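So the sequence shown is numbered by the numbering used here: it starts at 138 and just counts up by one.
Here's the structure, in structure tokens; my notes come after.
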Amino acid sequence: MSIFFTVRLESLSAQPDAIDWAFYKQHVSKPGLVDAFEKSFAAVKVPYPEDTSSAAILQEEKEFDKKCVEVMQETNTNIANLKEELAQLKALKPFEEMTSDEYLADKPDLRKQLDDEFKSFIYK
Numbered sequence: 138m139s140i141f142f143t144v145r146l147e148s149l150s151a152q153p154d155a156i157d158w159a160f161y162k163q164h165v166s167k168p169g170l171v172d173a174f175e176k177s178f179a180a181v182k183v184p185y186p187e188d189t190s191s192a193a194i195l196q197e198e199k200e201f202d203k204k205c206v207e208v209m210q211e212t213n214t215n216i217a218n219l220k221e222e223l224a225q226l227k228a229l230k231p232f233e234e235m236t237s238d239e240y241l242a243d244k245p246d247l248r249k250q251l252d253d254e255f256k257s258f259i260y261k
């Protein structure tokens, strides 16, 4: 529902249309009435509040844009790393055909952990 109001508001001009005083002077029969209205209208000054938040909003927007770029770069890096990891996994032999030594060949930390567990189990 709010999009309707936003579109409607954006369709309006920021400044009101200028009043065609000459048209009213031609069509209003009472002399001086349109001149009085024109003078009164020109004297009206509508106070507008001072804009104190636009600068802060623009700053937040810049920071958000910067964070978005950082997140996108990080995400693209993660995607590239995951694609590389997937390619490595696809290049492996099927687990059914692989020996434990072949599996642990590129995993020295896991090999050490398993060796330590086997030693502690055997020497209990």
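We put the beta carbon where it would ideally sit given N, CA and C, even for glycine.
Treat the numbers as computed from the prediction; the structure is a model and nothing was measured.
Can you give the beta carbon distance from residue i to residue j, rounded, assuming they're within the 8 Å contact cut?
i: residue 171; j: residue 182; result: So it is not a contact: roughly 21 Å between Cβ atoms.
i: residue 230; j: residue 222; result: Contact flag wrong, Cβ pair sits at about 17 Å.
Excluding the five sequence neighbours on either side, which residues of its own chain have a C-beta within less than 7 Å of the C-beta of residue i, listed in chain order?
i: residue 175; result: 158
i: residue 146; result: none
Looking at the C-beta of residue i, does it have a partner C-beta in chain D at a distance below 7 Å?
i: residue 232; result: In summary, chain D is missing from the structure at hand, where a single protein chain is found.
Below 8 Å CB to CB, which residues in the same chain sit around residue i once its five sequence neighbours on both sides are set aside?
i: residue 241; result: 247, 248, 251
Whose C-beta lies closer than 6 Å to the C-beta of residue i among residues of the same chain, with five residues either side of it excluded?
i: residue 165; result: 171
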